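J.: This is the structure, below, for whatever I ask next.
Listed below in structure tokens is the structure:
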């Protein structure tokens, strides 16, 4: 099982220290610095270190960067010339002197001359061998003394005290195993280094000022012979220098005291004695214009392949006065992180890695006489800023809230923004008549944003959405409205939101209605695509206070939203009553309306929720009951109810709960029911449950419970189970009773066949449709085209569609218009075309296909309670048919006629002729055709005495010049369709081989020369 963060950090630090010291040993060994060393001087004689301690190490700059830094720092401590003081410290060699497989290594040795006692001597050494590195801790002597440490960076003082009965010898392996080799119970030694280390500041001045600091190491041996070690670093005067970032206009420099301590002990690493490594620091009092509000320190760590990295972080919230203006500023979430590396490649604080984050939030408040303003800028969310501004200029107030989303090139997210602006007018507002007044105006504008309707509905349910509409206290809304706006209007490229807001009042403040109408628009889809249709959302807040706003007896407060989706289409409305009360009793609950078409149609209206067993259509949220609660010291009463109407059912339910308790004696009970209703004829089914119990000292003295199903009327039926409980026995019982006569005979059921025939007889039930395979070459007269468009005639190759919306076809029906009818099924079969005048059959219909429509099956079939709750609101069912007239024939058949052609020639006056025609390739020549003289059309073309109708004639192509066939050029047969002939004519007309005069036309075959 993983330990606390402090335990994990202790294990990591212990292992890394042994590894680092062993790396120093190997560097010195490789450089040949250990082997030449001899025994240390006489000043160490008589101490426990004498058998192992070797000469001082000099010229120790060797190894990896971290190792070299460690050796250089330890090598500067103490000098032979400065041995006159009580403290002697230096980097020496160490000889294991016959230890288990161990050789030589470096050691940091300390000797303190104590007045009237044996000198205290201690050393920490590391040696190596086949079993791995071994860390040594050796100490001896008794007494107490204090002196300066020569060669340390800054003014460092060492204090030592201890009582050791003989020699103290401890070893530690790489895996953290500590062994007490030699010690006596009660042995103890304490060493303290105190001074003023250098500040840990980055180049830009951000970081940690350390001030006076102390490092203390304590080792004690308990009565059981075990050793206990503790290392503490105390920095009581540390001060943190923050990077204020964008707040530099308010504060050039921010420095806060953050005194803290860090310790290592058997229980793990601790930050201010907290093993969780995250603590709140004491908040100092005002520092000039600064007023710190919160301080925290966090110590994290990361074990890498080369080093252990500690990250000491600080967070702060501050308040300050702004010079030169009457303003107060707040900076929240200031952070600074200081990395410290412990490894062979890097050792010590990483000043270049100090990071100072700007504040998550900046706010400012200005007061200048009657004018007050407050603003907030929140930078806490990655890639997004939120801001707010509230200005009060009596008697008006202006509020603006905004969200700015920064562009992200990695994901292609563009810049986005959203602004909500509102202006409120003082009483009595701008009068508009009938006692109404406009008390506020505003609007919403956003680019790259959309409306999250699920989140908006949730915000309406918990009341957060009301803050968007002219909040009563804009200043209090500053802190939370940014999060609300980001959640309700998330970023979405290519979408826009825009709309007005206004607030109406009536009777002063008796009735207030705030509404915002927001349109969600989209940019063009591009590449010829169309923009998606707009979608409208209405957000509102209704407040009614009777008789007076100051002390209302009745408060109705409803936050509402409505959504209009043109594409689906769908209309959704939702309202929440949170904040309402009747004579001091809180009133809660939801109202909901859904009307949806399209592929998933649905209809739901609910006040207070739905039947527990009802399977709600997609998109319907969980709804809370309309309820009231009366709470008193001894009695609590809660009532709730709901009513709902769907396409298949009417639902109603209620529940009352009562509890009373005094001196561990109490009475509790409830009554509730859920009902389904049918109105014509009236019939209902109610499932009810009730219970009451008397309890004494937590035990049931007596109780009764019932579970009933009631149906009626005509006949009435009561079915259920129950139980009587006492502290002595339980008695179950059941009931199933029916009484009353059958339902009265009502009006005769409607004749559905007559109603259906009347629907099919309506002209609007019929529609003529052209088949998609109709050839483009078929030409219709204008009269025929107008008739097809009007639906009075049918295209010869088209179809007819007949449909009605009165009732479904092909399914059994036993209900109609809310009343029962004999079970019957209707369908359309064997449609035929007949002549209108003689009613004679012209053709049987072909290609018959059903046509469907959405119907609510519960309106036409008697459904069980489970079916009413579980069936879809609407289903696709047959409502008519589509059919063609493939077998249609003309009654008289084709007519055959004989045609005689009259040919006349005309010669122009002056024998004017056409310009010579250029000879075509492949033709012998072209005759010249003179232009004839004028003639009167009525003399030349007399209307025939008898009108002749001919059948379809084959078509071909011919040269315009002489009506000669093009067959010798293209080998063309005749065509039945003009479109095909025209296609060939266009091809030949464009052929380069025929030259400029190669005009070709489409003619009937009898016209060829």
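Numbering (this note's numbering), first residue to last: 73 to 1081. Think of the CB as a built atom: it goes at the ideal place given N, C-alpha and C, for glycine as much as any other residue. Being a predicted model, the structure only gives us computed values, none of them experimental.
1) According to DSSP, is residue 935 part of a helix, a strand, or is it coil?
2) Hey, which unbroken runs of the beta strand (DSSP E) at 3 residues or more fall wholly within the region 365-441?
3) Select from 613, 508, 490, 590 the residue whose C-alpha is nearest the C-alpha of residue 555.
4) What span of residues does the alpha helix (DSSP H) with residue 824 cover, start to end?
5) Should residue 707 and residue 749 be called a contact, given that it needs their Cβ atoms to be closer than 7 Å?
6) So, does the region 198-211 touch the region 243-252, judging by three or more C-beta pairs under 8 Å?
7) Would you grab the beta carbon distance between residue 120 and residue 210 for me? Rounded to a whole angstrom, and I think it's under 8 Å.
8) Which residues does DSSP pair with residue 922 in a beta bridge?
9) Along the chain, where does the alpha helix (DSSP H) containing residue 1084 start, and where does it finish?
10) Drop a sphere of 10 angstroms on the beta-carbon of residue 787, count the other beta-carbons inside from all chains shown, and report buried for 16 or more, exposed for fewer.
11) In or out: residue 78 buried (at least 16 other Cβ within 10 Å) or exposed?
12) Among 567, 521, 514, whose alpha-carbon lies nearest the alpha-carbon of residue 543?
13) Mapping the DSSP letters down to three states, classify residue 454 as helix, strand or coil.
14) Hey, quick one: how far does the alpha helix (DSSP H) through residue 1122 stretch, first residue to last?
15) Can you give the Cα-Cα distance for residue 858 and residue 835, rounded to whole angstroms?
16) Taking one C-beta from the region 326-342 and one from the region 431-443 each time, how about it: are there three or more such pairs within less than 8 Å?
17) Return the first residue and the last residue of the beta strand (DSSP E) that residue 253 is part of.
18) Whose C-beta lies closer than 8 Å to the C-beta of residue 253 among residues of the same chain, with five residues either side of it excluded?
19) Excluding the 5 residues flanking residue 123 on each side, which residues of the same chain have their C-beta closer than 7 Å to its C-beta?
20) Counting only runs of 4+ residues fully inside the region 503-553, write out the alpha helix (DSSP H) ranges in chain order.
21) Go through its chain and collect everything with a Cβ distance to residue 883's Cβ below 7 Å, but skip five positions before and after it.
22) State the DSSP-derived secondary structure class of residue 836, mapped to helix, strand or coil.
23) Put residue 335 into one of helix, strand or coil per three-state DSSP.
24) Distance check for residue 358 and residue 109, CA to CA, integer angstroms please.
25) Taking 6 Å as the limit between beta carbons, can you name the residues of its chain near residue 227, skipping five residues before and five after?
26) My output table needs one value for residue 288: the three-state DSSP class, helix, strand or coil.
27) Count the C-beta pairs between the region 297-307 and the region 378-392 that are closer than 8 Å, then say yes if the count reaches three, no if not.
28) Excluding sequence positions up to five away, which residues of its chain have a Cβ less than 6 Å from the Cβ of residue 681?
29) What span of residues does the beta strand (DSSP E) with residue 637 cover, start to end?
30) Can you give the beta carbon distance from residue 895 to residue 951, rounded, assuming they're within the 8 Å contact cut?
31) Would you decide whether residue 932 is buried or exposed? Buried here means 16 or more other CB atoms lie within 10 Å of its CB.
32) Indicate the three-state DSSP secondary structure (helix, strand or coil) for residue 995 in the structure shown.
33) Taking 7 Å as the CB-CB cut-off, is residue 84 touching chain B?
34) By the 10 Å Cβ neighbour count, where 16 or more other Cβ atoms means buried, how is residue 569 classified, buried or exposed?
35) Put residue 560 into one of helix, strand or coil per three-state DSSP.
36) First and last residue of the beta strand (DSSP E) that includes residue 617?
T.: Checking against the coordinates, here is how it stands:
1) coil
2) 379-394, 399-415, 419-421, 427-429, 433-440
3) 490
4) 824-833
5) For residue 707 and residue 749, no; Cβs fall outside 7 Å.
6) Result yes; three or more Cβ-Cβ pairs closer than 8 Å.
7) Contact between residue 120 and residue 210 is confirmed by a C-beta separation of about 5 Å, below the 8 Å threshold.
8) 953
9) This structure cannot speak to residue 1084, because the chain is shown only from 73 to 1081.
10) Counting the other Cβ atoms within 10 Å of the Cβ of residue 787 gives fewer than 16, which makes it exposed.
11) buried
12) 514
13) coil
14) Past the edges of the chain, shown from 73 to 1081, lies residue 1122, and the structure says nothing about it.
15) 16 Å
16) By the C-beta criterion, the region 326-342 is judged not to be in contact with the region 431-443, since fewer than 3 inter-stretch pairs fall below 8 Å.
17) 250-254
18) 241, 242, 243
19) Excluding positions up to five away in sequence, the list reads 169.
20) 525-534
21) 897, 949
22) Here residue 836 sits in helix by DSSP.
23) strand
24) 59 Å
25) 267
26) strand
27) no
28) The answer, listed in chain order, is 695, 697, 714.
29) 626-637
30) Actually they do not touch by this definition, with Cβ atoms about 20 Å apart.
31) buried
32) Reliability of the predicted coordinates at residue 995 is poor, the pLDDT of 37 falling under 50, and no value is obtained from them.
33) Judged by its chain identifiers, the structure shown contains no chain B, having just a single protein chain.
34) buried
35) helix
36) 607-618
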